[in-house]
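Enquirer: In order, the protein sequences belong to chains A and B. The first sequence runs contiguously to residue 340 in my numbering. The second sequence runs contiguously to residue 926 in my numbering. We put the CB at the ideal spot given by N, CA and C, even for glycine. I am attaching a structure below and will ask some questions about it afterwards.
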Amino acid sequence: MPSNDHYVIIGNGPAGNHAADTLRENDGEARITILSQESVLYYYKHKLTEYIKGKTGEKELTVRPSHVYKDKRIRLRLGQEVERIDPLENRLYLKHMEIMSYTKLIIASGASPRILPSVSNFGKYLALLSSYTDVLNQLPEIRKNKRFLVLGGDLISFKFIRMLKDMGKDVDCLLYADAFWPFNLTTEMADAASESLRKSGVRVLSEDGLKAVKQTDQGFDVMTEKGHGAIYDSIYAFLGMVPNISFVLGSGIDTDRGILVDDHLKTNFDNVYAAGDCAQIYNPDIKSYWLSVGWKNASVQGEVAAMNFLGAGHVINPSPKKILNVEGFTVDTSWWEAFE
Amino acid sequence: MSDMDLVVEICGSAGEGTISAGEILSRFMSEEGYDIMSFDSYPAEIRGFGKCVAHTRVGRGEVLTPGKYSDVLIALNDIHAIGQLPVLKEKGILIYDNKPPKYHLEDQSVVGWLEPGMIPYGIPLTELSIKASGNSKARNMVALGAFSALFGIDKTSFIESVKRRYGKKKQDIIDSNVNSFLEGYTWTLEHVRKIDPFRFDGTGAAVKRDQLIINGNEATAMGALAAGLHLYAGYPITPATKIMEIMSKELPKKGGIFLQTEDEISSIAHVIGAGYAGKRAMTGTSGPGFCLMSEFTGLAVMAEVPAVIVDSQRGGPSTGMPTKHEQSDLNIALNGGSGDCPRVVIAPTQVDECYQAAVLALYIAEKYQTLVILLLDFFLSNSIKNMDHPSPPDPKYLNTHVLPDDGDLPDFKRYKITDNGISPRTIPGKTGGMFFATGLEHDERGKPVYDTKSHTLMTEKRHRKHAGIAAEMIAPHITGCEGAVDIGVVSWGSSAGAAREAVAHATAKGIKAACFSTQFISPFPEQALRDFSKRCKKILVPEMNYSGQFANMIARYMERPMERLNMVTGLPMASEDILKKIEEIA
Numbered sequence: 001m002p003s004n005d006h007y008v009i010i011g012n013g014p015a016g017n018h019a020a021d022t023l024r025e026n027d028g029e030a031r032i033t034i035l036s037q038e039s040v041l042y043y044y045k046h047k048l049t050e051y052i053k054g055k056t057g058e059k060e061l062t063v064r065p066s067h068v069y070k071d072k073r074i075r076l077r078l079g080q081e082v083e084r085i086d087p088l089e090n091r092l093y094l095k096h097m098e099i100m101s102y103t104k105l106i107i108a109s110g111a112s113p114r115i116l117p118s119v120s121n122f123g124k125y126l127a128l129l130s131s132y133t134d135v136l137n138q139l140p141e142i143r144k145n146k147r148f149l150v151l152g153g154d155l156i157s158f159k160f161i162r163m164l165k166d167m168g169k170d171v172d173c174l175l176y177a178d179a180f181w182p183f184n185l186t187t188e189m190a191d192a193a194s195e196s197l198r199k200s201g202v203r204v205l206s207e208d209g210l211k212a213v214k215q216t217d218q219g220f221d222v223m224t225e226k227g228h229g230a231i232y233d234s235i236y237a238f239l240g241m242v243p244n245i246s247f248v249l250g251s252g253i254d255t256d257r258g259i260l261v262d263d264h265l266k267t268n269f270d271n272v273y274a275a276g277d278c279a280q281i282y283n284p285d286i287k288s289y290w291l292s293v294g295w296k297n298a299s300v301q302g303e304v305a306a307m308n309f310l311g312a313g314h315v316i317n318p319s320p321k322k323i324l325n326v327e328g329f330t331v332d333t334s335w336w337e338a339f340e
Numbered sequence: 341m342s343d344m345d346l347v348v349e350i351c352g353s354a355g356e357g358t359i360s361a362g363e364i365l366s367r368f369m370s371e372e373g374y375d376i377m378s379f380d381s382y383p384a385e386i387r388g389f390g391k392c393v394a395h396t397r398v399g400r401g402e403v404l405t406p407g408k409y410s411d412v413l414i415a416l417n418d419i420h421a422i423g424q425l426p427v428l429k430e431k432g433i434l435i436y437d438n439k440p441p442k443y444h445l446e447d448q449s450v451v452g453w454l455e456p457g458m459i460p461y462g463i464p465l466t467e468l469s470i471k472a473s474g475n476s477k478a479r480n481m482v483a484l485g486a487f488s489a490l491f492g493i494d495k496t497s498f499i500e501s502v503k504r505r506y507g508k509k510k511q512d513i514i515d516s517n518v519n520s521f522l523e524g525y526t527w528t529l530e531h532v533r534k535i536d537p538f539r540f541d542g543t544g545a546a547v548k549r550d551q552l553i554i555n556g557n558e559a560t561a562m563g564a565l566a567a568g569l570h571l572y573a574g575y576p577i578t579p580a581t582k583i584m585e586i587m588s589k590e591l592p593k594k595g596g597i598f599l600q601t602e603d604e605i606s607s608i609a610h611v612i613g614a615g616y617a618g619k620r621a622m623t624g625t626s627g628p629g630f631c632l633m634s635e636f637t638g639l640a641v642m643a644e645v646p647a648v649i650v651d652s653q654r655g656g657p658s659t660g661m662p663t664k665h666e667q668s669d670l671n672i673a674l675n676g677g678s679g680d681c682p683r684v685v686i687a688p689t690q691v692d693e694c695y696q697a698a699v700l701a702l703y704i705a706e707k708y709q710t711l712v713i714l715l716l717d718f719f720l721s722n723s724i725k726n727m728d729h730p731s732p733p734d735p736k737y738l739n740t741h742v743l744p745d746d747g748d749l750p751d752f753k754r755y756k757i758t759d760n761g762i763s764p765r766t767i768p769g770k771t772g773g774m775f776f777a778t779g780l781e782h783d784e785r786g787k788p789v790y791d792t793k794s795h796t797l798m799t800e801k802r803h804r805k806h807a808g809i810a811a812e813m814i815a816p817h818i819t820g821c822e823g824a825v826d827i828g829v830v831s832w833g834s835s836a837g838a839a840r841e842a843v844a845h846a847t848a849k850g851i852k853a854a855c856f857s858t859q860f861i862s863p864f865p866e867q868a869l870r871d872f873s874k875r876c877k878k879i880l881v882p883e884m885n886y887s888g889q890f891a892n893m894i895a896r897y898m899e900r901p902m903e904r905l906n907m908v909t910g911l912p913m914a915s916e917d918i919l920k921k922i923e924e925i926a
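Dropping the structure here:
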């Protein structure tokens, strides 16, 4: 008997796509819709720097071609942002003024770059780069410009700086130790990172901060708290990420930093689940909520949320610790690590 | 980018400024030095409701077709625009209103139907229009502002173009449009993150061109007026009405006569009457009207009276599809009416050719004292093209009456048998020049006769005129590879542009192909076609009718099999469809 279910997934990243695939594999009848704020197909985020350098093409960057969605009868609606959710009426209000109904919902909206309060006054001068859309929008400028200031401190910033150096750019880095993401740097870690960057020809300005920025014909005229002054073509900020949940606020779905879910990834509404970087997951062992990061974790959570959606009752388990090597120093982490 | 080739569609409801927005865009791009072709579609009911699409192709090179698929869709009405998404290219761009006055129900928003890979840019068209002009009527101008910001178009030049467009309107209307354009432009620059690669170069800096931007109907009317048209009698019918509108305004200014008659039969009767009186006369119609005129076509030929009929073809039979394209009146144009009735049929292939074709039609009708049918079609009548201002007609095409010597008048033989079939004729009122003019078969003086010899001689005489006309006809247009080719495309009318473009693409892909197209259908450049045919392994005949009317006609000149591409989509022939067929059979 044909199903009248409409499963809606907000987010086109690893959590959203794994959820959609899992739903289709286990329910051949229901309507499945993925909504994505970005206008581009599901892509490998970690390949963006190679794409900017011109070492990777659009095809390699894309996880799967669009026909896969047609084949699986998953409707992919790109460039369509959710403005708010009404979980009592099972409705989504889209920003372009369309009302969409769902029977069950998975929120997998990921995370967005954050601006630290200490630099928020300079927000209009700061370029943020965390998505393919950002890259497409900023690529001509990145390729054209020579002098970059990077307000850094998170994992992505190191990768971006490496990329700029590979492209022959002049790079200064204002290192914000409190901005490291997914956790803060210790003093030793910050020193090690600075040293590694300096060896690469990056001028690192540590224990310093932005004091003034002025846009001139020559570029951005920057002065730091410690009196360092220079002119840059671009200022990029990589100061960590925050769960992308603004459209959930006020809906009645419980949130804290992220969307609060139990260890089955279910929110306080029975037909609403959350997975990936936007979810704050309850860990009964420590009786608290934790955020997770990373492609793999998001993928697993997408699958688990989808299975539970269909009544499986799977519990999400913490992934084991793993070792990251960041700019020459070693970090032990897992997705159960504290955010800060 | 120097090889810019962009197809833009603006889709809205009738009365929303859809067509005028397309016109403004086309005019601006032409002024900026780009080649443009526009083709609008609108409901048969003309105004008040229904879907309108303004379709414009802009290119650096010669633009021969409007393009089947669009790069940009500007949606002024979501429901209508959903219907245009199938022709939006894989990586096409949608500009849409993301803040309409109320929520759409599920699946009634155009952006919801975008295929992955297409790029939506949401602009609050309604809000910005209200902000700029106090109402939502200027959404089209807001959209053009957004388009200009997205594609790097110089806003100052565009605004100047808008001001020229609305130059005769009240200042508050001009201000309302300019302000709305600027709202859309500024908002887009500030809020939209561009992620597509399209960008115009050189707008605002290019050498400005003073060109005409006209459609085929306008070019036809201009040509007829330049050729000394004296009387136009017509009855309104889509898609030929525009010719009539122009004549109603312009012909009286030149001392001519414009008549809106009670029906098409009366129109052609007036034209034949004027022709008999020695005046250049023309009517314009479409298939259903042409059917009504058929009886009189025979009279023009039999009585040897100059007459020109413009038949702008549309979807048929009967009243058919008034606002849809088709090339299905060829049979009736060539053969409609009774008896052996030779007539001249000219089918221009491009807008600029319509001008010269109208001049030629009136010239041939007058000089050869016969019926000339100018065969346009919905696409040609309505497609808008930029073109240089045409030169005035060569004097040899004006006032070409073949008058008798006064010495012949005492025994005036109006239908004198001559080598070229043309008999000198008198203009009514000439002393001694009276004659019978009748639809009955007649002798040299015009007196009705039914004997075998007279009918044979007169039939031959009427047909003999075509040898002279053939000697004056415009040579076929041949493009593509020289020498032996794998595919030869033989085309006519407005499909010829698509055929030439398809052949150019095929050649670029390594297929040896060439294109033969002719404006003259009757008489026909037979030898030129035979010569072309000899160097083609295969012949393809694309045309917008079901039965292959042109292919059937030319079969008599080429005793060989032909591939055919017959479509009745109601849309203009697309080069993509011809190219696909070429690739299939190559």
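1) Determine the direct distance from the alpha carbon of D256 of chain A to that of P243 of chain A, and round the result to whole angstroms.
2) Mind checking whether R64 of chain A and S251 of chain A have CB atoms under 8 Å apart?
3) Is the distance from the Cβ of S360 of chain B to the Cβ of G556 of chain B below 8 Å?
4) Quick check on this structure: which residue in B:A914, B:V829, B:A842 and B:I918 has the alpha carbon closest to the alpha carbon of R875 of chain B?
5) Can you list the residues of chain B that I99 of chain A reaches, using a CB-CB cut of under 8 Å?
6) Helix, strand or coil for F269 of chain A per DSSP?
7) Quick check on the DSSP output: the beta strand (DSSP E) that includes Y236 of chain A runs from which residue to which?
8) Using a Cβ-Cβ cut-off of 8 Å (strictly less than) and excluding sequence neighbours within five positions of E38 of chain A, which residues of its own chain qualify?
9) In chain A, which residues lie less than 8 Å from K431 of chain B when you measure between Cβ atoms?
10) For Q424 of chain B, which three-state DSSP category applies?
11) Chain A partners of K534 of chain B, CB-CB under 7 Å?
12) Going along chain B, which residues have a C-beta under 9 Å from H18 of chain A?
13) Find the residues of chain C that neighbour G79 of chain A, judging by a C-beta separation of less than 9 Å, and give them in chain order.
14) Following the continuous alpha helix (DSSP H) through P140 of chain A, name the residue where it begins and the one where it ends.
15) What does the Cβ neighbour count give for E644 of chain B, buried or exposed, with the cut at 16 atoms within 10 Å?
16) Just to confirm, does V482 of chain B get its C-beta within under 7 Å of one of the non-hydrogen atoms of the ligand NAP?
17) Tell me the rounded alpha-carbon separation between E523 of chain B and Y43 of chain A.
18) State the start and end residues of the unbroken alpha helix (DSSP H) segment that holds S360 of chain B.
19) Do you know whose CA, among B:V393, B:E883 and B:G485, lies nearest T528 of chain B's CA?
20) To be precise: take each residue of the stretch 90-122 of chain A, compare its Cβ to all Cβ atoms of chain B, and keep it if any distance is under 8 Å. Which residues remain?
21) Rounded to the nearest angstrom, what separates L743 of chain B and L749 of chain B at their Cα positions?
22) What are the residues in the stretch 36-47 of chain A lying within 7 Å of chain B by C-beta distance?
23) Between the C-alpha atoms of S915 of chain B and L404 of chain B, what's the straight-line distance to the nearest angstrom?
24) Looking only at its chain, what residues have a beta carbon closer than 8 Å to the beta carbon of I649 of chain B, apart from the 5 residues adjacent to it on each side?
25) Is any beta-carbon of chain B found at less than 8 Å from that of S157 of chain A?
26) Taking Cβ-Cβ distances shorter than 8 Å, what residues in chain A pair up with N438 of chain B?
27) Enumerate in chain order the residues of its own chain whose CB-to-CB distance from I704 of chain B is below 7 Å, with the five nearest sequence positions on each side excluded.
28) Could you tell me whether the Cβ atoms of K358 of chain B and A415 of chain B are closer together than 8 Å?
29) For G152 of chain A, count neighbouring C-beta atoms within 10 Å of its own C-beta (all shown protein chains included) and say buried if the count is 16 or more, exposed if not.
30) If we call anything under 8 Å between Cβ atoms a contact, is S378 of chain B one with I894 of chain B?
31) Taking only beta-carbon atoms, is M341 of chain B less than 8 Å away from chain A?
32) Would you call the CB atoms of F872 of chain B and V881 of chain B closer than 8 Å?
33) I'd like to know if L76 of chain A contacts chain B, where contact means its C-beta is closer than 8 Å to some C-beta of that chain.
34) Are the C-beta atoms of T133 of chain A and some chain B residue less than 8 Å apart?
35) Using a beta-carbon distance below 8 Å, is Y69 of chain A in contact with chain B?
36) So which residues on chain B does S66 of chain A lean against when the C-beta distance must stay under 8 Å?
Expert: A quick look at the data gives this:
1) Looking at the backbone, the Cα of P243 of chain A and that of D256 of chain A are separated by about 10 Å.
2) Cβ atoms of R64 of chain A and S251 of chain A: not closer than 8 Å.
3) The criterion of a C-beta distance shorter than 8 Å is not satisfied by S360 of chain B and G556 of chain B.
4) Of the listed residues, the one whose Cα sits closest to R875 of chain B is B:V829.
5) What I99 of chain A touches in chain B: Y443, H444, L445 and E446.
6) Coil at F269 of chain A, not helix or strand.
7) Start and end: S234 to A237.
8) Counting only Cβ-Cβ distances below 8 Å, and skipping sequence neighbours, we find N12, L78, G79, S131, Y132 and T133.
9) Going along chain A, no residue has its Cβ under 8 Å from K431 of chain B, so there is no contact; the nearest lies around 10 Å.
10) It is coil, neither helix nor strand.
11) The contact set of K534 of chain B on chain A, defined by CB atoms closer than 7 Å, consists of N137 in chain order.
12) Listed along chain B, no residue sits closer than 9 Å to H18 of chain A by beta-carbon distance, the nearest being about 17 Å off.
13) Here chain C cannot be found, since the structure's protein chains are A and B.
14) P140 of chain A -> alpha helix (DSSP H) spans Y132 to K144.
15) Around the beta carbon of E644 of chain B, 16 or more other beta carbons sit within 10 angstroms, so the residue counts as buried.
16) Of the ligands one can find in the structure shown there are none, so the ligand NAP has no counterpart to examine.
17) E523 of chain B and Y43 of chain A: Cα-Cα distance of roughly 34 Å.
18) Unbroken alpha helix (DSSP H) run through S360 of chain B: T358 to E371.
19) Nearest C-alpha to T528 of chain B among B:V393, B:E883 and B:G485: B:G485.
20) Correct list: Y93, L94, K95, H96, M97, E98, I99, M100 and S101.
21) In a straight line, the C-alpha of L743 of chain B is about 10 Å away from that of L749 of chain B.
22) Listed in sequence order: S39 and L41.
23) So the alpha carbons of these two residues sit roughly 9 Å apart.
24) The residues are I608, V611, M622, T623, G624, T625, F630, M633, T637, L711, V712, I713 and L714.
25) Using a Cβ-Cβ cut-off of 8 Å, S157 of chain A does not count as an interface residue toward chain B, since no Cβ of chain B sits closer than that to its own.
26) K95, H96 and M97, listed in chain order.
27) Correct list, in chain order: V684, V712 and I809.
28) It is worth fixing the name first, because residue 358 of chain B is Thr in this sequence and not Lys. It is not a contact, given that the beta carbons lie outside the stated cut-off.
29) G152 of chain A is buried by the Cβ-count criterion.
30) Taking C-beta atoms as the reference points, S378 of chain B and I894 of chain B fail to come closer than 8 Å.
31) Bear in mind that the predicted position of M341 of chain B carries a pLDDT of just 35, short of 50, making it unreliable; the figure below should be weighed with that in mind. Chain A has no Cβ within less than 8 Å of the Cβ of M341 of chain B.
32) Not in contact: F872 of chain B and V881 of chain B (Cβ atoms no closer than 8 Å).
33) Yes - at least one Cβ of chain B is within 8 Å of the one on L76 of chain A.
34) Yes, because at least one Cβ of chain B sits closer than 8 Å to the Cβ of T133 of chain A.
35) Closer than 8 Å: yes.
36) Here the neighbours are E455, P456 and G457.
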